[in-house]
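>
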Amino acid sequence: MTTAAMRKQLIEYLADADDKKIKGLYSLLEDTIQEKASNDLTDEQLAFLNEERRKHLSGESKSYTWEEVKNRIRNRKAS
Numbered sequence: 015m016t017t018a019a020m021r022k023q024l025i026e027y028l029a030d031a032d033d034k035k036i037k038g039l040y041s042l043l044e045d046t047i048q049e050k051a052s053n054d055l056t057d058e059q060l061a062f063l064n065e066e067r068r069k070h071l072s073g074e075s076k077s078y079t080w081e082e083v084k085n086r087i088r089n090r091k092a093s
């Protein structure tokens, strides 16, 4: 069985599993889940991104389309 098939079966199983089994599986995987969470952004990084997003949405900062970005990079290389 491929890992993709295993993942699909696990997802289907978890969707209908009783609470006791969910809690048991979570306890078994909790350390791994916490490790993944610790690799996420720091509070400082998240605050920075949120501020930049706020500026973008409010129009306080200049935004560029993907085409504009590519053209700017190409123009810098040509200089």
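For the sequence shown, our numbering assigns the number 15 to the initial residue and increments by one for each residue that follows.
Every residue gets a Cβ at the ideal spot worked out from N, C-alpha and C, and that includes glycine.
Report all residues from its chain with a CB closer than 8 angstroms to the CB of Leu55; omit the five preceding and five following residues, and keep chain order.
Leu63, listed in sequence order.
> Between which two residues does the alpha helix (DSSP H) harbouring Ser75 extend?
Unbroken run through Ser75: none, as it is neither H nor E.
> Kindly indicate the opening and closing residues of the alpha helix (DSSP H) around Met20.
Residues 17-30.
> Round the Cβ separation of Lys69 and Ser75 to the nearest angstrom and send it over; I've been treating them as touching at under 8 angstroms.
The Cβ separation is near 4 angstroms, so the contact holds.
> Taking DSSP as the reference, what is the three-state secondary structure of Leu55?
It is coil, neither helix nor strand.
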